[in-house]
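What follows is a short report on a single structure.
Protein chains in written order, with our numbering: chain A, 1 to 432; chain B, 433 to 864.
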């Protein structure tokens with residue numbers, strides 16, 4: 001066995017490691033045979049030198065081998081599709097996509113994560129629904145997907161345990177922001193969970209990991225390579241995260257917005273993303289239809305109420321109360337009023353996300369608790385006209401002091417110009 | 433207090449840390465408050481981004497503050513000089529320089545280290561002398577320097593403990609080779625040991641840390657800056673380590689060569705380095721003389737036997753037997769015979785050092801034990817004419833098998849050409 005220090009040195013000097021050498025480091029670390037300080041130095045060397053495609057395949061494969069894998073398709077006897085977002089502000093897409101594709105007859109069994117920092121997590125949003133259970137025994141998870149077509153649960157501890165350890169180490173050693181490491185982390189979990197086809201929503205902009213279209217494209221291409229290398233179909237959407245997605249940022253507020261969208265009353269940008277992602281999932285499924293037919297069926301499921309009905313059955317199946325009245329409401333609601341007229345030229349996603357975080361909607365560290373009721377609703381978004389004294393946003397807070405602080409932050413997130421800004425599409429690119 | 437991860441990130445992105453931030457990381461690590469994986473990631477970021485002068489000052493200062501300091505000058509009531517080599521193959525300079533400068537009336541109290549890999553350590557060489565004690569209580573160390581003018585002992589554990597921990601971490605994380613980190617490591621120990629003026633011998637070439645004159649000059653300049661910043665005088669010699677220094681490589685063999693040099697019978701290159709380093713130390717001392725007068729006095733101390741007499745008193749004072757017959761001899765001595773005629777165009781230092789290491793003269797890991805008797809004597813060196821069947825070197829080994837292995841390695845270290853190579857001076861530069 002080669003000494004880890006020699007492998008670190010080779011990567012530091014720009015060399016390539018063999019697949020078994022990558023596995024030695026990662027699985028050695030997962031088994032407590034390679035100490036964390038050597039992994040940390042290796043990760044920083046990777047930050048500066050990158051990983052080749054072959055190294056990224058090897059890293060992903062080693063992470064998958066660190067734990068159990070699931071073959072949901074074999075258990076259901078059907079082709080299984082999955083969806084993943086790289087995370088942003090106001091991203092409640094899975095809450096609406098799940099019911100839509102299940103209503104169209106495609107089984108959707110998904111494992112989700114929690115949020116950290118200004119990005120929210122699907123599990124946290126679901127937990128704002130009273131009674132909702134995010135942990136189901138494997139058999140119940142499979143049975144619910146088979147019978148209802150839909151289940152969303154927390155990632156089990158024995159699925160890719162190396163990723164959990166590696167991510168925790170990256171988080172405290174400033175080695176998160178590397179395309180290969182991000183791609184391997186995401187794809188190892190998707191591949192271990194057994195999806196046959198995956199729609200990836202790579203967020204781009206101020207509120208996303210990837211700040212530029214170029215970086216996002218590199219991540220999308222790397223994830224696509226990893227998926228195809230493992231014999232899966234992958235479609236990547238690159239979508240705008242320069243402003244929050246939809247209007248609502250905050251757990252219960254986002255659930256409300258997802259439900260409104262299933263009723264056909266959602267904000268245009270969010271609805272577009274839900275329809276597009278769902279249509280791609282249908283086109284990748286075993287229904288044997290193309291993207292146009294997928295889009296038609298998705299719109300029909302929203303239009304005829306079947307998606308909303310499926311949402312209600314799903315929430316109830318996991319112990320939750322699907323009625324909107326059951327969702328918690330913040331005691332203080334305060335409006336943010338424009339100080340000038342014009343057009344919203346920019347609405348900073350990270351500033352809105354940060355305000356929601358400070359209100360208590362998110363976690364600064366893993367051990368923070370969340371207030372599910374609080375958050376921000378952006379009534380006006382980029383390109384909207386701002387009249388005299390217009391309400392830009394609502395703050396939902398637990399007290400006046402935090403509402404005032406958030407109002408200041410959200411007001412500063414709005415840039416008002418004299419002219420409408422250049423249009424920026426929601427979906428910036430689609431990589432098949 | 434700023435989170436260590438933010439400091440790592442700032443260095444990773446090419447930013448500069450404030451002195452108190454550097455101290456927070458290094459002293460936090462020494463106190464077990466900052467975990468080793470964060471230091472490891474920081475060190476790798478430093479490897480890629482470097483440290484500014486201010487950061488290097490701060491690192492050195494923090495390391496000094498991690499432990500005790502010594503003020504030998506105050507205890508002796510005299511200006512104290514010290515010497516340090518960055519390490520190479522066959523470097524026994526301190527063994528001869530100490531007696532020479534002490535014989536000239538300049539007190540020389542030095543703390544030395546052990547060797548690792550192909551570079552030897554002064555302590556290991558001294559321990560090949562039967563009975564020699566490298567550990568003295570502080571009071572006896574000071575008394576011996578006062579009365580005899582000379583003591584060389586091991587570095588005490590409470591002098592710059594942060595350096596010991598940091599070096600051990602760098603060794604296993606491929607973060608040794610950085611000029612700022614090397615300079616801070618060396619100079620923190622010299623400054624904590626209280627020298628007023630320091631002669632630094634920076635080795636350059638195949639057998640040294642610094643492979644090129646440019647790198648060596650950068651290290652010399654950085655160490656000079658650190659010394660002057662702390663109010664000390666520093667002279668740097670850049671000396672050749674493309675071939676072994678002198679002829680002998682191996683602990684007892686090197687002691688013999690140092691003694692021969694004190695008798696005026698040493699190899700020309702080694703004698704030149706001893707005279708030059710000693711003359712600089714005299715010129716920096718409180719004797720108030722210049723380099724020419726220093727050189728004259730050094731030559732006189734070697735010529736009149738006073739340096740050799742002082743060597744013998746010194747060895748006896750630390751419990752050793754100064755007679756050459758007391759030194760251990762290897763049971764097997766084997767000659768390496770030239771396979772062609774010509775001139776030695778190259779004699780690889782690292783190859784000779786590696787052969788000596790495999791014979792047992794050095795340690796691969798910190799816990800290896802050393803055979804003090806074994807090693808290599810290079811009879812011919814770069815530029816020497818090689819006649820038919822000439823003896824290039826002698827192998828001193830503990831058995832035939834290891835002698836044969838070493839003979840192969842040493843033969844391969846010699847390159848024989850038709851023409852004499854271009855002359856390369858021993859002392860490549862002097863930086864004052």
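The beta-carbon is built from N, C-alpha and C at its ideal position, and this holds for glycine as well.
Mark residue i as exposed unless 16 or more other C-beta atoms lie within 10 angstroms of its C-beta, in which case mark it buried.
i             : result
residue 99/A  : buried
residue 300/A : exposed
residue 763/B : exposed
residue 373/A : buried
residue 771/B : exposed
residue 421/A : exposed
residue 228/A : exposed
residue 91/A  : buried
residue 366/A : exposed
residue 297/A : buried
residue 368/A : exposed
residue 333/A : exposed
residue 131/A : exposed
For residue i, which of the options has the nearest alpha-carbon?
i             : options                    : result
residue 247/A : 229/A, 267/A, 259/A        : 267/A
residue 445/B : 156/A, 131/A, 175/A        : 175/A
residue 516/B : 623/B, 558/B, 477/B        : 623/B
residue 324/A : 415/A, 318/A, 209/A, 258/A : 258/A
residue 569/B : 557/B, 583/B, 558/B        : 583/B
residue 145/A : 313/A, 261/A, 345/A, 327/A : 313/A
residue 864/B : 631/B, 710/B, 730/B        : 631/B
residue 498/B : 521/B, 520/B, 591/B        : 591/B
residue 760/B : 829/B, 693/B, 666/B, 737/B : 829/B
residue 677/B : 637/B, 740/B, 649/B        : 637/B
residue 212/A : 31/A, 181/A, 47/A, 177/A   : 177/A
residue 272/A : 310/A, 302/A, 256/A        : 302/A
residue 683/B : 469/B, 464/B, 791/B        : 791/B
residue 114/A : 62/A, 86/A, 326/A          : 86/A
residue 274/A : 351/A, 102/A, 284/A, 261/A : 261/A
residue 419/A : 343/A, 310/A, 129/A        : 343/A
residue 352/A : 310/A, 403/A, 110/A        : 403/A
residue 447/B : 483/B, 663/B, 521/B        : 483/B
residue 128/A : 230/A, 10/A, 135/A, 254/A  : 254/A
residue 663/B : 647/B, 626/B, 681/B, 639/B : 626/B
So, using beta-carbon positions, are residue i and residue j closer together than 8 Å?
i             : j             : result
residue 820/B : residue 767/B : no
residue 750/B : residue 587/B : no
residue 671/B : residue 492/B : no
residue 5/A   : residue 611/B : no
residue 201/A : residue 93/A  : yes
residue 527/B : residue 554/B : yes
residue 808/B : residue 842/B : yes
residue 44/A  : residue 477/B : yes
residue 320/A : residue 120/A : no
Along the beta strand (DSSP E) that carries residue i, what are the first and last residues, could you check?
i             : result
residue 516/B : 513–517
residue 635/B : 629–636
residue 826/B : 823–829
residue 152/A : 150–154
residue 342/A : 342–347
Say the cut is 7 Å; is the CB of residue i nearer than that to a heavy atom of the ligand GTP?
i             : result
residue 445/B : Questions concerning the ligand GTP fall outside what the structure shown contains, since it holds no ligand whatsoever.
Between which two residues does the alpha helix (DSSP H) holding residue i run?
i             : result
residue 660/B : 645–661
residue 540/B : Unbroken run through residue 540/B is the beta strand (DSSP E), 540–544; no alpha helix (DSSP H).
residue 712/B : 700–716
residue 842/B : 832–845
residue 335/A : Element bounds for residue 335/A: not the alpha helix (DSSP H) but the beta strand (DSSP E), 332–337.
residue 693/B : 683–694
residue 612/B : 611–624
Would you say residue i faces chain C, with C-beta separation under 8 Å as the test?
i           : result
residue 9/A : Protein chains in the displayed structure are A and B, and chain C is not among them.
Checklist entry - Does the pairing of the stretch 49–58 of chain A with the stretch 165–172 of chain A give three or more beta-carbon distances under 8 Å? => result Taking a contact to require three or more Cβ pairs closer than 8 Å, the stretch 49–58 of chain A and the stretch 165–172 of chain A do not qualify as touching.
Checklist entry - If we count Cβ pairs, one from each stretch, closer than 8 Å, do we get three or more for the stretch 848–862 of chain B versus the stretch 656–675 of chain B? => result Per the Cβ contact rule, the stretch 848–862 of chain B is in contact with the stretch 656–675 of chain B (3 or more Cβ pairs under 8 Å).
Next on the checklist: Check whether the stretch 443–463 of chain B and the stretch 22–36 of chain A are in contact - that is, three or more C-beta pairs closer than 8 Å.
Outcome noted: In this structure the stretch 443–463 of chain B does not lie against the stretch 22–36 of chain A, because fewer than three pairs of beta carbons, one per stretch, are closer than 8 Å.
Checklist entry - For the 8 Å Cβ check, are there 3 or more pairs between the stretch 101–108 of chain A and the stretch 73–84 of chain A? => result Touching, yes.
Checklist entry - Using 8 Å as the threshold, is the stretch 342–359 of chain A in touch with the stretch 370–384 of chain A, meaning 3 or more CB pairs across them? => result Under the Cβ criterion (8 Å, minimum of three pairs), the stretch 342–359 of chain A counts as touching the stretch 370–384 of chain A.
Next on the checklist: Could you check whether the stretch 411–419 of chain A touches the stretch 222–231 of chain A, counting it as contact only if at least three pairs of C-beta atoms, one from each stretch, sit closer than 8 Å?
Outcome noted: No: fewer than three Cβ pairs fall under 8 Å.
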